[in-house]
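Engineer: Protein sequences appear in the order of chains A and B. 108 is the number that this note's numbering gives to position 106 of the first sequence; each next residue is one higher, with no gaps. 319 is the number that this note's numbering gives to position 90 of the second sequence; each next residue is one higher, with no gaps. Take this structure first; my questions come after.
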Amino acid sequence: MVNGMKRAVLAAGVAAVALTGAFAAQARDILLTGAKPNLLVVADAKARKVIHSWTLPGGGSPFAVVPSPDGKVAYVVTNRWEQILGIEIDTGKQVFQANLSMPEKNERVKAMLAVDISPDGREIAVFESPVRMLSDHYEVQPTRVTFYPTNGGMDAKPVRSWEAPRRTAQMMYNKAGDKLYLISWNVEVHDPKTGKLLETHALADWTLENSTPPDVFGVWAQFETSGLYVNPYFAMRTDSAPDNPETYRTGMVQIDLETGAFKTTDFEATSGIIFSAASNPVRRNEAYGVYTQLYKIDLDKGETVKKIDLPHTYYTVNVSTDGSELYVGGTMDDIGVYDTKTFEKIGAIDLPSGNDMGTAWVRVVQR
Amino acid sequence: MVVKRSTRAGLLASAFVGTWAFAAHAADVPAFYEATTLIRETCGTCHTDEGDGKFSRISHMRKTPEGWDMTIGRMIDWHGLKISPTHRERIVKHLADTQGLAPAETAAYRWSLERRPNVVRPAADETEQAMCGRCHTLARPALQRRDADQWLKLVHTHLGEFPTTEYQAQSRDRRWWEIASQEMPQALASRYGLQSDAWDSWRDKAINPADLSGAWSLSGTRPGKGPYVGTMEVERGAKDAYTTRWAIRYLRNGETAEASGDVRLFTGYEWRGTSRLGESTVREVYAVSEDGRSLTGRWFHAEADELGGSMTAVRADGPATVLHVEPAVIKPGTTTRVTLHGAGLGKGLAFGPGVNVANVEHAPDGSWVAADVTTSVDTPAGALAVKAGKAEAVLAVAADIDRATVEPPFAIARLGGGSTPPVVAQFELVGWLNGPDGKPETDDDIRVGSLPATWSVDNFDDVAKEMKDTHFAGRMQHNGLFVPAATGPNPQRPFSGNNAGNLSVTGTAEFNGKPVEAQGHLIVTVQKWIKRAIE
Chain A
3 MVNGMKRAVL
13 AAGVAAVALT
23 GAFAAQARDI
33 LLTGAKPNLL
43 VVADAKARKV
53 IHSWTLPGGG
63 SPFAVVPSPD
73 GKVAYVVTNR
83 WEQILGIEID
93 TGKQVFQANL
103 SMPEKNERVK
113 AMLAVDISPD
123 GREIAVFESP
133 VRMLSDHYEV
143 QPTRVTFYPT
153 NGGMDAKPVR
163 SWEAPRRTAQ
173 MMYNKAGDKL
183 YLISWNVEVH
193 DPKTGKLLET
203 HALADWTLEN
213 STPPDVFGVW
223 AQFETSGLYV
233 NPYFAMRTDS
243 APDNPETYRT
253 GMVQIDLETG
263 AFKTTDFEAT
273 SGIIFSAASN
283 PVRRNEAYGV
293 YTQLYKIDLD
303 KGETVKKIDL
313 PHTYYTVNVS
323 TDGSELYVGG
333 TMDDIGVYDT
343 KTFEKIGAID
353 LPSGNDMGTA
363 WVRVVQR
Chain B
230 MVVKRSTRAG
240 LLASAFVGTW
250 AFAAHAADVP
260 AFYEATTLIR
270 ETCGTCHTDE
280 GDGKFSRISH
290 MRKTPEGWDM
300 TIGRMIDWHG
310 LKISPTHRER
320 IVKHLADTQG
330 LAPAETAAYR
340 WSLERRPNVV
350 RPAADETEQA
360 MCGRCHTLAR
370 PALQRRDADQ
380 WLKLVHTHLG
390 EFPTTEYQAQ
400 SRDRRWWEIA
410 SQEMPQALAS
420 RYGLQSDAWD
430 SWRDKAINPA
440 DLSGAWSLSG
450 TRPGKGPYVG
460 TMEVERGAKD
470 AYTTRWAIRY
480 LRNGETAEAS
490 GDVRLFTGYE
500 WRGTSRLGES
510 TVREVYAVSE
520 DGRSLTGRWF
530 HAEADELGGS
540 MTAVRADGPA
550 TVLHVEPAVI
560 KPGTTTRVTL
570 HGAGLGKGLA
580 FGPGVNVANV
590 EHAPDGSWVA
600 ADVTTSVDTP
610 AGALAVKAGK
620 AEAVLAVAAD
630 IDRATVEPPF
640 AIARLGGGST
650 PPVVAQFELV
660 GWLNGPDGKP
670 ETDDDIRVGS
680 LPATWSVDNF
690 DDVAKEMKDT
700 HFAGRMQHNG
710 LFVPAATGPN
720 PQRPFSGNNA
730 GNLSVTGTAE
740 FNGKPVEAQG
750 HLIVTVQKWI
760 KRAIE
């Protein structure tokens, strides 16, 4: 229920944000991530503590972690990206399994990076890269988006599927659940029920003057608290010399998952690498980038406003529901906690027995 | 060697069992029908028998012995093929002999088969470099031959097995799959198609090679130790199987080493040997000339292929050939004892007009001839055309060496760590004369060979200086051998980084009382887990 209200609050927009704080007393932020060997790690964010480490069946290690909207089940892409497992967060009980490969067609199918759950929690949309493995040769098949019902149990079967652009790396539903965004060379917006192409936002095909096409590549979903998808892009100015540092531009792609507004903002002459980004649910003009450094970017002004060195590289950054804390992770065995205002390190969550997160997503749910 | 090598040896061995294992077995070459039967029984469960001794996929391409062995390794690793080492050897031998590459087809890529470290690679087609050369060297496609349909199947194998390929940098900036599947097969087929005149004229020799047994004269350079000369006795076992006894002497310090080994000949010219050289096991990758009277290539340590020496060998019974001149450079107005090493040497020694030759002596077997060579102060700096009977060689005359270069000018060393030992980098200082035009780096420059040098490293730039790369990345030893550190993460470095480094390398030698110096560039980078016969 609390979660339902939270979603209503988000839907009501910025004016209602103050209320989110009011719920914070009852609803706590829970972090979900994966670690080697094949662990689903559940942590209490404010307590800075891992509360569960569930061992998943199979010999792989988790990559994508997708929480159900009620925050009760985590859907984990694991086992060489060939399975989606649904695990009850509180009990560790497995309640869902989709084997993506189709032996009857000799098809080995991998979930390629992009996966999301519909806002009503009924369907998981996964971007698949299939290959037919025949007796003496392989046949690469077109990539596709496939839908699995979350009530499919331990042998879930797809209900719909259609061809989708190769190299799609991220995919997310809008808040209403009637649009599915696919981030590939460009952004395609599909109707998740029919597969109809609703809109295309140009990235590789953009027509921005005096610029190369942008390199947009993100593989970590971390937009759930803000409802604003942000991802860095890198491009070069074509009207400026290669030895001029101003030639190299870093910007941010933004998609408002509520309004559908699509925007790109150039915010600096590239000063470092940013692996992934997230935005603040309270101060929505504020985005954070992470790799060896932690960036604070003002999306309205289009500038980097703060930057600090991190103790080691991190791939992921997510933001607490109340917008006060950042969780950096995805590498090694610690999640660093930083104050969104001061960038002061205010805590750390150590994974048990040094389990390496190995690029796994770090998600925030409220419970 | 100061580094432990055992694990690396394991990796190397497993990456390339078949071809090397031959040496140990020296089994009979299977007759044609036997090999075909073996392929039918071993591979036929998945590969369709097309009749006429042909099988789907297998019969529609040509590869080097290493290439065939890697393919069978893949059948084992990916597709669960079960095969004994002996059968693997037989199939590799049969396929390399009947569907190999002609000498002319491998000539430009010997560096790959020879595993030469830090070679400057031939200029490549831009698309091929971006599409293929990003993950492996272009020797991989260049050392096989097939038509467009089979290149296309290989492209499917690539993305099918490595689906992240199209997401990586330099792939995602283009329609990688469309280019790979629609443009590359045709482009590769026109460059490396199945049928070739070179192979058509070689294929008979591939199965009827010259007998290599007899006495040979050797020479080469082992970076870090300098030039060596030696002799080799080759004895024939079964067809295409030989045993060898060889001995070398390093000219710089007189150090000697003896070796004995086993050799298997593939495709009529691909010499693959394993020898015990002193305390070490070395591999030999040589190409035998068409007439079977000379060979060239490289030997390297089984456990560290970046260490080894070049090799040239000729039949000891002639014709007259000079393999090495020692020293490589003499001064005007001096008398110097000069020795020519090679075969069939003794008669008709001449160093050109105005140069005096005295006290000529030669080995009874013709493997060397030596003389006191006197130049006048007026002998112009440059190259003397030396004659020894019908053999020709070059001896440089110069009061000063004009310049030196570090070889390789750019090297990559890899950090060790866990069970992986470091990959070292061996540097050499090479002396040059500017030649008749007096200008450096022109075609008429005269290379005077490797100079004994002292070595040091420095931070390559300000970033390296700030990161204290010289402190963390490893140590330079006296003979130009750089041994990298263990990988890290190192909490003493920013972001707990690994011990990577960006270093400049300086070699200093003395010639005629004057210092000669040159710089190279060394990148010390992360470990590499898998080592392949063709990288």
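Every residue, glycine too, gets a C-beta built ideally from N, C-alpha and C. As the structure is a computational prediction, the values presented were derived from the model and not from experiment.
In the DSSP assignment, find the unbroken beta strand (DSSP E) run with B:I759 in it and report its ends.
Structural biologist: Premise fails: B:I759 is in no beta strand (DSSP E) and is neither H nor E.
Engineer: Which bits of chain B does A:T315 rub up against, with CB to CB less than 9 Å?
Structural biologist: F724, S725 and G726
Engineer: What do you get for A:D31, buried or exposed, if any count of 16 or more other CB atoms within 10 angstroms of its CB means buried?
Structural biologist: Its Cβ being crowded by 16 or more others within 10 Å, A:D31 is buried.
Engineer: Mind checking whether B:V511 and B:W528 have CB atoms under 8 Å apart?
Structural biologist: yes
Engineer: Jot down the residue ranges of each uninterrupted beta strand (DSSP E) in the region 448-519 of chain B, minimum 3 residues, whole runs only, in chain order.
Structural biologist: 455-465, 470-479, 485-495, 499-506 and 509-517
Engineer: Would you list the one or two residues that DSSP bridges to A:Y250?
Structural biologist: A:M238
Engineer: Using a Cβ-Cβ distance cut-off of 8 Å, determine whether A:M359 contacts chain B.
Structural biologist: no
Engineer: So the candidates are A:V307, A:L58, A:A206 and A:K181; which of them puts its Cα closest to the Cα of A:T266?
Structural biologist: A:A206
Engineer: Near B:D594, what residues of its chain come up, given a Cβ to Cβ distance below 7 Å and the 5 sequence neighbours on each side ignored?
Structural biologist: The answer, listed in chain order, is A545.
Engineer: Short of 6 Å in beta carbon distance, which residues of its chain neighbour B:S442, apart from the five on each side in sequence? Order them along the chain.
Structural biologist: V463, E464 and R465
Engineer: Taking Cβ-Cβ distances below 7 Å as the criterion, which residues of the region 200-215 of chain A are in contact with chain B?
Structural biologist: none
Engineer: Taking the continuous alpha helix (DSSP H) assigned at B:W307, which residues delimit it?
Structural biologist: P294 to H308
Engineer: So does the region 363-379 of chain B actually touch the region 665-684 of chain B, counting three or more Cβ pairs closer than 8 Å?
Structural biologist: In short, these stretches do not touch, since the Cβ pair count stays below three.
Engineer: Mapping the DSSP letters down to three states, classify B:M696 as helix, strand or coil.
Structural biologist: Coil, per DSSP.
Engineer: Given this structure, state the Cα-to-Cα distance separating A:N188 from A:H203, to the nearest angstrom.
Structural biologist: Their Cα atoms are separated by approximately 6 Å.
Engineer: How big is the Cα-Cα spacing for A:V255 and A:P216?
Structural biologist: 10 Å
Engineer: Starting from B:P384, follow the alpha helix (DSSP H) in both directions and report where the run begins and ends.
Structural biologist: The sequence shown places Val at residue 384 of chain B, not Pro. Counting along the chain, the alpha helix (DSSP H) containing B:V384 begins and ends at A377 to E390.
Engineer: Secondary structure at B:H316, three-state DSSP: helix, strand or coil?
Structural biologist: helix
Engineer: Beta-carbon within less than 8 Å of A:G23's beta-carbon, same chain only, minus the 5 sequence neighbours each way: which residues are those?
Structural biologist: Below a pLDDT of 50, predicted positions are generally treated as unreliable, and A:G23, at 42, falls in that range; the measurement from the model is reported next regardless. Excluding positions up to five away in sequence, the list reads D324.
Engineer: Pop quiz: A:G154 and A:A100 are said to be a contact at Cβ under 8 Å. What is the actual Cβ separation, rounded to whole angstroms?
Structural biologist: 7 Å
Engineer: Starting from the beta carbon of A:E190, find every residue of chain B whose beta carbon is closer than 9 Å, and list them in chain order.
Structural biologist: Residues of chain B passing the Cβ test: none, with the nearest at roughly 15 Å.
Engineer: Can you have a look at B:Q424 and say buried or exposed, based on whether 16 or more other CB atoms are within 10 angstroms of its CB?
Structural biologist: B:Q424 comes out exposed.
Engineer: For B:G296, which residues in chain A fall below 9 Å Cβ to Cβ?
Structural biologist: Under a criterion of Cβ atoms nearer than 9 Å, no residue of chain A is adjacent to B:G296; the nearest Cβ is some 17 Å distant.
Engineer: Assign B:W431 to buried or exposed, taking buried as 16 or more other Cβ atoms, counted over all protein chains shown, within 10 Å of its Cβ.
Structural biologist: buried
Engineer: In angstroms with no decimal places, state the Cα-to-Cα distance between B:S685 and B:M705.
Structural biologist: 6 Å
Engineer: Looking at A:N212: is its Cβ nearer than 8 Å to the Cβ of A:T240?
Structural biologist: yes
Engineer: Scan the region 255-298 of chain A and note each continuous beta strand (DSSP E) run of 3 residues or more that stays entirely inside, going in chain order.
Structural biologist: 264-271, 278-281 and 288-292
Engineer: Using CA atoms only, rank isn't needed, just tell me which of B:L480, B:D469, B:A467 and B:K434 is closest to B:G453.
Structural biologist: B:L480
Engineer: Please name the residue or residues paired with A:Y316 in a DSSP beta bridge.
Structural biologist: Answer is none; A:Y316 lacks a bridge partner.
Engineer: With B:M360 as the anchor, note down where its alpha helix (DSSP H) starts and where it stops.
Structural biologist: Boundaries of the alpha helix (DSSP H) around B:M360: E355 to M360.
Engineer: Is the region 343-357 of chain B touching the region 520-527 of chain B, taking contact as three or more C-beta pairs under 8 Å?
Structural biologist: yes
Engineer: Comparing the C-beta of A:R169 with each C-beta of chain B, is any distance below 8 Å?
Structural biologist: For A:R169, the answer is yes, since a Cβ of chain B falls inside 8 Å of its Cβ.
Engineer: So is B:K322 in contact with chain A if we call contact Cβ pairs under 8 Å?
Structural biologist: With respect to chain A, the C-beta atom of B:K322 has no partner C-beta closer than 8 Å.
Engineer: To the nearest angstrom, how far is the alpha carbon of A:I337 from that of A:G360?
Structural biologist: Per the coordinates, the alpha-carbon of A:I337 lies some 12 Å from the alpha-carbon of A:G360.
Engineer: Kindly indicate which three-state DSSP category B:P723 falls into: helix, strand or coil?
Structural biologist: In the structure shown, B:P723 sits in a helix (DSSP, three-state: H, G or I).
Engineer: Roughly how many whole angstroms lie between the Cα atoms of B:P713 and B:L751?
Structural biologist: 11 Å
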